[in-house]
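Here's the structure we're looking at; comments come further down.
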Amino acid sequence: MAGDGTLRPGSGEAIRPSEVALPDDAFGAVATLLLFGSQQDERTATTRARLRSLVEDRDGVRLAEVDLTARGDLAGRYAVTRTPSVFAIDGRGRLVGRVKGAADDATLRAALDAALRAAS
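The sequence shown: position 85 = 81 (our numbering), numbered continuously.
As structure tokens, then:
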């Protein structure tokens, strides 16, 4: 079911930081977890904290965030219909996995693992 917090395959499309209104150095050289969130959504804050703990102390891995409160135009472009949503992006900028809705730690870890596998 869409929005149930499960990991689904990504489209493989390339996403550059500038396409999601982020600085050019926002993505990691190895992998990026891109969080689409909303200031009004408490689940976004919880997901952000979980993602931070996953990426800390990992060389070349970053957490990047798009606030859809300010950049709602990006929701339609990337088919983000629920916050939080997390995109797993490999080191070449390819979307390799996506999670729509609040997810548990294991699912978020699996999203990161998908990006790391694609990078190797």
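Glycine included, every Cβ here is placed at the ideal spot set by N, Cα and C.
This one's a predicted model, so the numbers in the text were calculated from it and none came from an experiment.
In the three-state DSSP reduction, residue 75 falls in the coil class, being neither helix nor strand. Listed in chain order, the beta strand (DSSP E) elements of length 3 or more contained wholly in the segment 5 to 64 are 27 to 33, 57 to 63.
As a beta-bridge residue in DSSP terms, residue 86 pairs with 27. The DSSP-derived three-state label of residue 67 is coil.
Here residue 79 is buried, its C-beta having at least 16 other C-beta atoms within 10 Å. Within the same chain, and ignoring the five residues on either side of residue 47 in sequence, the residues whose Cβ sits closer than 8 Å to its Cβ are 29, 31, 59, 82, 104.
Between residue 62 and residue 94, the alpha-carbon positions lie close to 15 Å from each other.
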